[in-house]
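Residue numbers (my numbering): 7 to 346.
Don't be surprised by glycine CBs; every beta carbon is placed ideally from N, CA and C.
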Amino acid sequence: MKKLLILPLAAAMVMMSGCCAPKCCAPTCCKVAVKPVHQEIDPVIGNWSAKLPYDDMSAASLIFSRDENGQAKAFVLLRWASPEWCVDVQVKGSEFSLRHAQHKALIRGKVEGDKLFAEIAKCDKEGKQKGEWQKFEGYRNKPSCPFASTKNIKLGEPIDLLKDGLKGWKTMNPKAKFGWSFKDGILSNKLGLKPDGKWAGGGCNLMSLRNDFKDFNLEYDVRVPKDSNSGVYLRGRFECQVVDSFGKGVDRHNMAAYYGRVTPICSAEKAPGEWQHVSVTLFKRRMTVVLNGVTIIEDAEITGVTGGAIDANIDAPGPIYLQGDHSDADFKNMILRPAL
């Protein structure tokens, strides 16, 4: 394998970020893109978004890297759940293959410049192929600016997303049970319990009619009963987790986490049944989350979508959507302030 060109740290960061100089990134980045050096000799390595060959939940995120020994690694999200480290990862030149154990799927493909051409097939738990290969395509995500910060966002006038109750929202799955209602300023999803005491599930997700939100601060109060699970999807792609995780250790799936991707630095949850306040800011591919007055995520990089995303375009504007297919949850005081 050819050795990478070694650059001074500052120059390397600039080339990897696509910025022409550090000074131009505070508070905004320049628009001059410089191709990272590794793309010439190790073209698969990088951050990719893709559309899988399915009618719904087709978003995919593939992040290829190498460890200190040069072994290829792949952190992959397929449709739902969390991104996971894959097994049997092979990267040679412009071609790659891997196995996603959780989804029982095989993936193989190649890259041509900034485009990805691949196939996916079902397999058993040992990795033996069971289904036919299905083609899909993807693209390389542009690097984010390493000097960006949510602290630099300037906010415009507030938008009350619950001002008109359910009139400002639409269902994402008309065939599913509609458990949503709005009364006295509170938007509620009620699905109830099964005879065995577990959540009935089967409800529908709600999407805001407005779908042009890009960078913004969103604040809301949320209340969940014991063992409940919901979510707030920013731009319809990045889930800010809603769950009863009171009393549990920090985890990438806890309340207000960037679901499955970033673990909060501390726990700030309240007990189930209590109102909790969330303030989340998106700005230039960065996320900061404040839960109940405590900053639990600060300037985390937006590296990819989360399970259930409307698509895999991490830079496009989008709606706010609320997860309603798992269990009960209540929301109020949902105020969005877009970036100027």
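Q | Pairwise C-alpha distance: Ser67 and Asp221 | A | 21 Å
> Based on the DSSP secondary-structure assignment, which residues constitute the bridge partners of Pro152?
Replying inline: Answer is none; Pro152 lacks a bridge partner.
- Query: Taking C-alpha atoms, which residue in Gly208, Val93 and Glu132 lies nearest to Arg114?
  - Reply: Val93
**Item:** Nearest residue (CA-CA) to Gly253, options Asp233, Cys246 and Tyr265
**Value:** Asp233
**Message:** I need the straight-line Cα distance from Ile308 to Arg292, nearest angstrom please.
**Reply:** 6 Å
| In angstroms, rounded to a whole number, what distance separates the CA positions of Gly324 and Trp86? | 19 Å
- prompt: Under three-state DSSP, which class holds Glu46?
  reply: helix
query: Are the beta-carbon atoms belonging to Phe142 and Pro59 less than 8 Å from one another?
result: yes
Does the segment 146-159 come within contact of the segment 168-179, defined as at least 3 CB pairs closer than 8 Å? no
- prompt: Excluding sequence positions up to five away, which residues of its chain have a Cβ less than 6 Å from the Cβ of Val228?
  reply: Val248, Gln282 and Phe337
| request: Measure the C-alpha to C-alpha separation of Asn53 and Phe70 and round it to an integer number of angstroms. | output: 7 Å
**Item:** Cα-Cα separation, Tyr145 to Leu104
**Value:** 18 Å
Report the start-end ranges of each beta strand (DSSP E) in the segment 256-302 that is 3 residues or longer and not cut off at the edges. 282-289 and 292-297
Residue burial classification, Gln329 (beta-carbon count within 10 angstroms, cutoff 16): buried
- Message: Using a 10 Å radius around the Cβ and a threshold of 16 neighbouring Cβ atoms, would you call Ile47 buried or exposed?
- Response: exposed
Does Lys232 come out as helix, strand or coil in the three-state DSSP assignment? coil
Exercise. Nearest-angstrom Cα distance between Ala154 and Ala306?
Worked result: 10 Å
What would DSSP say about Leu83, mapped onto helix, strand or coil?
strand
- Leaving out five residues before and five after Lys128 in sequence, what residues of the same chain have Cβ atoms less than 7 Å from its Cβ? Lys110, Ala111, Lys136 and Gly137
- Task: Give the secondary structure of Asn158 by DSSP, where H, G and I count as helix, E and B as strand, and everything else as coil.
- Result: helix
**Cβ-Cβ separation, Gly208 to Lys183 (assumed contact under 8 Å), whole Å** = 5 Å
Of the residues Val117, Glu245, Trp91 and Tyr327, the one placed nearest Ala263, counting alpha carbons only:
Glu245
- Ile320 classed as buried or exposed, judged by whether at least 16 other C-beta atoms fall within 10 angstroms: buried
Check your understanding: From the DSSP output, which residues share a beta bridge with Gln247?
Key -> Gly237
Problem set entry | Buried or exposed (CB count within 10 angstroms, at least 16 for buried), Ser187 | exposed
Q. Based on Cα-Cα distance, which residue from Ala107, Asp120, Val117 and Ala124 lies nearest to Lys131?
A. Ala107
Nearest CA to the CA of Arg72: which residue from Ala65, Leu84 and Val95? Val95
Can you name the residues that DSSP bridges to Gly209? Lys183
- When you compare only the Cα positions, how much space is there between Val256 and Ser273? 6 Å
Q: Go ahead and label Glu275 buried or exposed: buried means 16 or more other beta carbons lie within 10 angstroms of its beta carbon, across all protein chains shown.
A: buried
Whole-angstrom distance between Ala277 and Ala345, CA atom to CA atom:
33 Å
*Closest residue to His259 among Ser55, Ile51 and Pro89 (Cα-Cα distance)*: Pro89
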